[in-house]
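The structure under discussion appears below in the form of structure tokens.
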Amino acid sequence: MERRTFLQIAIATGGLVTAAIVAIPVIGTALSPVLRRESGELWQPIGALENFPIGQMTRANVTVPRDDWSQTLREKGLYVLRSSNAELIVFSRNCTDLSCPIVWDEGSNCFFCPCHGGIFSRQGDPMKGPPKRALYRYAARVRNDTVEIDLRSVPPMA
Amino acid sequence: MAKRWRTWISDRFGLRRVYEGTLNRRVAKSSWYYGDGATLTFLLGVLVVTGMFMSLTYTPSPDGAYESIRFITEKQVLGWFVRGLHYWAAGMMVVMLFFHLFRQILVGGYKFPREGTWLIGVILFFAIILMSFTGYLLRWDERSIYALKVAQHMFSRLPWIGESVVVFIQGGTEPGATTLTRLYAVHVIFVPVLLGLFVIWHIYLVIIHGVTSQEERNQPIYTASQQRQLYRAQARSREKGENFFPMTVFKSGLMATIVFAIVLTLTLTLGPQRLYPEADLTTISRPIEEWWFYWYSGLIALLPNTIAPWFVVIFPIVLFIILILLPFIDRSPWRGFKKRLWPPIVVGICVIGILYLTDLRRRSPWTGWPDSEPPPVPAGVVLSPEAEQGRQLFAQYGCNSCHPISGHGRKVAVDFGQIERRLSQDYIRDYILQPPEGIAMPGYRGRMSAQDLERIVEFVLVAQTFPRSQ
Ligand code: FES
Numbered sequence: 000m001e002r003r004t005f006l007q008i009a010i011a012t013g014g015l016v017t018a019a020i021v022a023i024p025v026i027g028t029a030l031s032p033v034l035r036r037e038s039g040e041l042w043q044p045i046g047a048l049e050n051f052p053i054g055q056m057t058r059a060n061v062t063v064p065r066d067d068w069s070q071t072l073r074e075k076g077l078y079v080l081r082s083s084n085a086e087l088i089v090f091s092r093n094c095t096d097l098s099c100p101i102v103w104d105e106g107s108n109c110f111f112c113p114c115h116g117g118i119f120s121r122q123g124d125p126m127k128g129p130p131k132r133a134l135y136r137y138a139a140r141v142r143n144d145t146v147e148i149d150l151r152s153v154p155p156m157a
Numbered sequence: 000m001a002k003r004w005r006t007w008i009s010d011r012f013g014l015r016r017v018y019e020g021t022l023n024r025r026v027a028k029s030s031w032y033y034g035d036g037a038t039l040t041f042l043l044g045v046l047v048v049t050g051m052f053m054s055l056t057y058t059p060s061p062d063g064a065y066e067s068i069r070f071i072t073e074k075q076v077l078g079w080f081v082r083g084l085h086y087w088a089a090g091m092m093v094v095m096l097f098f099h100l101f102r103q104i105l106v107g108g109y110k111f112p113r114e115g116t117w118l119i120g121v122i123l124f125f126a127i128i129l130m131s132f133t134g135y136l137l138r139w140d141e142r143s144i145y146a147l148k149v150a151q152h153m154f155s156r157l158p159w160i161g162e163s164v165v166v167f168i169q170g171g172t173e174p175g176a177t178t179l180t181r182l183y184a185v186h187v188i189f190v191p192v193l194l195g196l197f198v199i200w201h202i203y204l205v206i207i208h209g210v211t212s213q214e215e216r217n218q219p220i221y222t223a224s225q226q227r228q229l230y231r232a233q234a235r236s237r238e239k240g241e242n243f244f245p246m247t248v249f250k251s252g253l254m255a256t257i258v259f260a261i262v263l264t265l266t267l268t269l270g271p272q273r274l275y276p277e278a279d280l281t282t283i284s285r286p287i288e289e290w291w292f293y294w295y296s297g298l299i300a301l302l303p304n305t306i307a308p309w310f311v312v313i314f315p316i317v318l319f320i321i322l323i324l325l326p327f328i329d330r331s332p333w334r335g336f337k338k339r340l341w342p343p344i345v346v347g348i349c350v351i352g353i354l355y356l357t358d359l360r361r362r363s364p365w366t367g368w369p370d371s372e373p374p375p376v377p378a379g380v381v382l383s384p385e386a387e388q389g390r391q392l393f394a395q396y397g398c399n400s401c402h403p404i405s406g407h408g409r410k411v412a413v414d415f416g417q418i419e420r421r422l423s424q425d426y427i428r429d430y431i432l433q434p435p436e437g438i439a440m441p442g443y444r445g446r447m448s449a450q451d452l453e454r455i456v457e458f459v460l461v462a463q464t465f466p467r468s469q
């Protein structure tokens with residue numbers, strides 16, 4: 000091999016190896032939230048059963064356990080419809096179009112989205128606007144007269 | 000003496016070459032509106048300086064971000080001014096960015112030998128849009144948090160990797176401390192560094208290839224070398240060329256100054272963007288994106304819902320691909336309008352479309368919202384007691400969440416005060432109880448008493464006779 004070619008290859012290899020030693024770990028660190036994402040169920044209480052009157056839509060909050068260090072944004076709003084004694088529907092407050100925060104209108108029994116005109120029925124079905132699918136529903140259960148929901152039962156954007 | 004010092008400095012610091020290579024050169028004469036590039040560079044400078052000084056105080060943590068911005072605005076000496084300049088310079092930057100893009104399309108600025116300049120410009124375009132977005136997320140008010148959610152939701156639609164991308168951007172499955180540090184790093188380190196490098200590269204290429212000259216727009220040019228010859232001839236000529244410094248600099252500087260005057264005026268009159276309530280995922284809110292994104296939001300609302308969800312993901316990608324491919328697709332020898340009709344048409348449609356959608360989004364006639372205030376009665380009209388009760392019930396049953404009366408209220412559904420063909424009593428009654436299939440209105444059967452129904456019908460009947468506002 001010619002001396003010149005050898006030096007070129009040496010420089011290229013050395014450079015690439017050094018770059019990789021720096022680049023791979025930093026990318027790994029940046030990807031950490033994805034690589035260490037926890038799965039499985041995550042049940043959290045949202046209030047006593049008696050807080051949810053039968054036949055009514057009630058607002059509730061759920062505390063989101065997080066392992067970071069900030070104190071704010073630990074709570075998320077929800078809508079709970081207790082349609083009968085045993086049946087509870089826990090709606091996510093995120094519009095299924097692009098996640099704007101929907102509002103319940105007691106008068107018309109509809110959910111309105113503030114962004115692009117999404118309107119949902121009392122059952123969470125899309126009635127108008129861009130949303131195509133129904134509002135996300137959390138898996139819910141009652142334990143010791145307390146309503147609990149599984150935070151991981153809906154996708155991250157719901 | 001002074002001259003000797005000047006020579007010494009320019010020699011020892013190597014300024015001579017820089018001066019010869021940038022300022023002291025002949026270029027083809029250009030029109031005033033070619034100052035948009037310089038204006039963008041200037042605005043970038045304003046943003047860098049004001050941004051740097053805000054970062055002295057800003058705290059990239061959800062617990063302190065909002066309050067630190069309040070502090071900058073309210074307590075810091077001239078903090079409101081610095082923030083105002085940053086905000087309005089950013090808004091104007093987006094406006095000028097579109098101006099620049101459209102102008103280049105109009106004059107064929109992407110054509111040989113300027114493909115490289117164009118491609119780097121495309122990257123800059125997306126980088127600046129990203130900056131204009133991440134910037135207002137840092138405010139961490141309700142607009143920020145929901146803007147973040149909306150953008151995240153768009154990413155979540157990417158096939159296969161959608162959810163992971165969301166978690167990656169957010170730094171977790173829920174927004175929190177790691178979200179804000181990420182956004183902050185992207186806004187003040189990652190993108191600015193790249194932006195700086197690419198801007199320098201972009202300008203370097205502009206120096207090498209020049210800007211599309213008048214002659215190039217007047218005649219067909221078939222090769223890059225032909226273009227170079229033509230350009231050089233113009234630069235050298237007395238009438239068609241000029242010295243970059245001070246002639247061109249003065250003209251571009253004029254445009255930059257005018258735009259800066261606008262930024263300054265807006266800052267002094269309107270001040271920095273007001274802070275909405277702090278980010279929070281529990282209270283009811285009606286967020287809206289920053290005004291330079293209105294048009295996109297309007298577009299999403301207008302598209303039929305079979306397309307809209309995919310459109311939001313595909314549009315930026317398609318736009319990127321089209322812009323990247325443009326110089327390779329359009330290789331015709333013409334650059335002006337003479338033989339190129341499509342650019343003025345496309346750009347015209349885009350500009351009108353953007354303005355129209357922006358206004359539409361500002362009004363958002365598609366948004367229903369609860370409102371406890373019953374519709375007002377026009378002056379001079381006296382309602383019967385039944386109709387008056389009906390008016391109250393009209394709000395109580397949320398009819399006014401969608402139906403305006405004589406132009407007042409939300410405009411999602413029919414305005415009974417301005418209806419074309421009056422509806423009969425029976426028709427209204429049946430409609431309220433059970434709207435026809437496919438109509439986005441809840442049926443009230445079973446949850447409205449017969450008396451309430453009659454009162455509301457009465458009010459609607461009367462509303463149909465309200466005097467028309469022209
Ligand atoms: S986010 Fe609800 S309609 Fe677009």
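Which chain is which? The protein sequence lines are A and B, in order. So the first sequence is numbered by numbering that gives the first Met the number 0: it starts at 0 and just counts up by one. So the second sequence is numbered by numbering that gives the first Met the number 0: it starts at 0 and just counts up by one. C-beta: ideal position from N, C-alpha, C; glycine also.
_Counting C-beta neighbours from all protein chains within 10 Å, is the total for Y145 (chain B) 16 or more, i.e. buried, or is it exposed?_
Taking the first residue of the second sequence as 1, we reach residue 145 (chain B) at position 146. Label assigned to Y145 (chain B): buried.
*Thinking C-alpha only, which one of A:R136, A:V102 and A:T95 is nearest S155 (chain B)?*
Locating residue 155 (chain B) in the second sequence gives position 156, where the first residue counts as 1. Measuring from the Cα of S155 (chain B), the nearest candidate turns out to be A:T95.
*asked:* Under 8 Å, Cβ to Cβ, is there at least one residue of chain B near P44 (chain A)?
replied: As a position in the first sequence, residue 44 (chain A) is number 45, starting the count at 1. No - not a single Cβ of chain B is within 8 Å of the one on P44 (chain A).
_Cα-Cα separation between G108 (chain B) and R334 (chain B), rounded to whole angstroms_ = Within the second sequence, numbered from 1, the residue matching residue 108 (chain B) stands at position 109. Within the second sequence, numbered from 1, the residue matching residue 334 (chain B) stands at position 335. Whole-angstrom Cα-Cα distance: 8 Å.
*Report yes if the CB atom of G90 (chain B) is closer than 8 Å to the CB atom of W290 (chain B), and no otherwise.*
Position 91 of the second sequence, counted from the start, is the residue given in the question as residue 90 (chain B). Position 291 of the second sequence, counted from the start, is the residue given in the question as residue 290 (chain B). Yes, the Cβ-Cβ distance between G90 (chain B) and W290 (chain B) is below 8 Å.
*Let me know if W4 (chain B) comes out buried or exposed under the rule of 16 or more other beta-carbons within 10 Å of its beta-carbon.*
Within the second sequence, numbered from 1, the residue matching residue 4 (chain B) stands at position 5. Result: exposed.
*Span separating the alpha-carbon of Y426 (chain B) from that of Q450 (chain B)*: Position 427 of the second sequence, counting from 1, holds the residue named residue 426 (chain B). Position 451 of the second sequence, counting from 1, holds the residue named residue 450 (chain B). Each residue's Cα considered, the two are about 17 Å apart.
_Secondary structure of W200 (chain B), DSSP reduced to three states_ = In the second sequence, residue 200 (chain B) corresponds to position 201, counting from 1. Helix.
*So, is F77 (chain B) buried or exposed, given that buried needs 16 or more other C-beta atoms within 10 angstroms?*
Counted from its first residue, the second sequence places residue 77 (chain B) at position 78. According to the sequence displayed, residue 77 (chain B) carries Leu and not Phe. Counting Cβ neighbours within 10 Å, L77 (chain B) comes out exposed, since fewer than 16 surround it.
*asked:* Please determine whether the Cβ atom of I299 (chain B) lies at a distance below 7 Å from any heavy atom of the ligand FES.
replied: Position 300 of the second sequence, counting from 1, holds the residue named residue 299 (chain B). Yes, the ligand FES has a heavy atom inside 7 Å of this Cβ.
*asked:* Based on DSSP bridge pairs, tell me the residues matched to N242 (chain B).
replied: Taking the first residue of the second sequence as position 1, residue 242 (chain B) is located at position 243. Paired residues: B:R25.
*Between B:N399, B:F314, B:A150 and B:Y86, which lies nearest to S45 (chain B) when the distance is taken from Cα to Cα?*
Counted from its first residue, the second sequence places residue 45 (chain B) at position 46. The displayed chain sequence assigns Val, not Ser, to residue 45 (chain B). Of B:N399, B:F314, B:A150 and B:Y86, the residue nearest in Cα terms is B:Y86.
_Under the three-state DSSP convention, the category P44 (chain A) falls into_ = In the first sequence, counting from the first residue as 1, residue 44 (chain A) sits at position 45. Strand.
*Of the residues B:S60, B:F327, B:R25 and B:F310, which one's Cα is nearest the Cα of V210 (chain B)?*
Sequence index remark: in the second sequence, residue 210 (chain B) carries index 211 (1-based). Closest by alpha carbon: B:R25.
*Measuring from the CB of D358 (chain B), is there a heavy atom of the ligand FES at a distance below 7 Å?*
Within the second sequence, the letter at position 359 stands for residue 358 (chain B). The answer is no for D358 (chain B).
*asked:* As an exercise, report each continuous beta strand (DSSP E) stretch of at least 3 residues that is fully enclosed by the region 31-90 of chain A, in chain order.
replied: 42-47, 55-62 and 74-81
*Find the residues of chain B that neighbour L159 (chain A), judging by a C-beta separation of less than 8 Å, and give them in chain order.*
Here chain A covers residues 0 to 157 and nothing more, so residue 159 (chain A) does not appear.
*asked:* Could you check whether L136 (chain B) and P61 (chain B) sit closer than 8 Å to each other, using their CB atoms as the reference points?
replied: Residue numbering aside, residue 61 (chain B) sits at position 62 when the second sequence is read from its first letter. Residue numbering aside, residue 136 (chain B) sits at position 137 when the second sequence is read from its first letter. No, Cβ-Cβ distance for P61 (chain B) and L136 (chain B) is not below 8 Å.
*Nearest candidate by alpha-carbon position, reference T247 (chain B), set B:W7, B:Y32 and B:Q75*: Along the second sequence, read from residue 1 onward, the residue named residue 247 (chain B) stands at position 248. Per the Cα distances, B:Y32.
*In whole angstroms, what separates the C-alpha of Y443 (chain B) from that of A184 (chain B)?*
Sequence index remark: in the second sequence, residue 443 (chain B) carries index 444 (1-based). Sequence index remark: in the second sequence, residue 184 (chain B) carries index 185 (1-based). Roughly 52 Å separates the two Cα atoms.
*Which runs of the alpha helix (DSSP H), 4 residues or longer, sit entirely within the region 280-320 of chain B?*
293-301
*Buried/exposed call for R2 (chain A), threshold 16 Cβ in 10 Å*: Indexing the first sequence from 1 puts residue 2 (chain A) at position 3. Under this definition R2 (chain A) is an exposed residue.
*Looking at the unbroken beta strand (DSSP E) that takes in C109 (chain A), where does it start and where does it end?*
Sequence index remark: in the first sequence, residue 109 (chain A) carries index 110 (1-based). Its beta strand (DSSP E) spans residues C109 to F111.
_Top-ranked residue by Cα proximity to T58 (chain B), from B:C398, B:A176 and B:T172_ = In the second sequence, the residue the question calls residue 58 (chain B) occupies position 59. Per the Cα distances, B:A176.
_Between G165 (chain A) and chain B, is any beta-carbon pair separated by less than 8 Å?_
There is no way to answer for residue 165 (chain A), as the model of chain A reaches only from 0 to 157.
_Test: V63 (chain A) CB closer than 8 Å to a CB of chain B_ = For the purposes of this step, residue 63 (chain A) is taken as residue 64 along the first sequence, with counting starting at 1. Yes, V63 (chain A) counts as interfacial toward chain B.
*asked:* My assumption, with CB atoms under 8 Å, is that Q233 (chain B) sits in contact with S212 (chain B). Please give the rounded CB distance.
replied: For this step, residue 233 (chain B) is matched to residue 234 along the second sequence. For this step, residue 212 (chain B) is matched to residue 213 along the second sequence. With a Cβ gap of about 5 Å, Q233 (chain B) and S212 (chain B) count as contacting.
*Is the Cβ of S152 (chain A) closer than 8 Å to any Cβ of chain B?*
Working through the first sequence from its first residue, we reach residue 152 (chain A) at position 153. For S152 (chain A), the answer is no, since every Cβ of chain B falls outside 8 Å of its Cβ.
*Does at least one heavy atom of the ligand FES sit under 7 Å from the Cβ of P130 (chain A)?*
As a working mapping, residue 130 (chain A) is identified with position 131 in the first sequence. It does: the Cβ of P130 (chain A) is within 7 Å (strictly closer) of some heavy atom of the ligand FES.
*Measuring alpha carbon to alpha carbon, tell me which of B:L105, B:P342, B:A27 and B:L22 ends up nearest E238 (chain B).*
As a first step, residue 238 (chain B) is located in the second sequence; it is residue number 239 there, counting from the start. The shortest Cα separation from E238 (chain B) among B:L105, B:P342, B:A27 and B:L22 belongs to B:A27.
*So, helix, strand or coil for W465 (chain B), using DSSP?*
Numbered from its first residue, the second sequence carries residue 465 (chain B) at position 466. Checking the sequence shown, residue 465 (chain B) turns out to be Phe, not Trp. Three-state result, F465 (chain B): coil.
*Report yes or no: is there a C-beta of chain A within less than 8 Å of the C-beta of M447 (chain B)?*
In the second sequence, residue 447 (chain B) corresponds to position 448, counting from 1. Not one chain A Cβ lies under 8 Å of M447 (chain B).
*asked:* Here's the rule: buried if 16 or more other CB atoms are within 10 angstroms of the residue's CB, otherwise exposed. What is S363 (chain B)?
replied: Translated into positions along the second sequence, residue 363 (chain B) becomes position 364. Buried is the call here.
*Using a Cβ cut-off of 8 Å (strictly closer), state whether P343 (chain B) contacts chain A.*
As a working note, residue 343 (chain B) is residue 344 in the second sequence. Judged by the 8 Å Cβ criterion, P343 (chain B) is not in contact with chain A.
*At which residues does the alpha helix (DSSP H) containing A394 (chain B) begin and terminate?*
Reading the second sequence from its first residue, position 395 is the one you call residue 394 (chain B). Note, A394 (chain B): alpha helix (DSSP H), P384 to Q395.
*Mind pulling the chain B residues with CB within less than 8 Å of T71 (chain A)?*
The count along the first sequence starts at 1 and reaches residue 71 (chain A) at position 72. Chain B residues near T71 (chain A): P61, D62, E277, A278 and D279.
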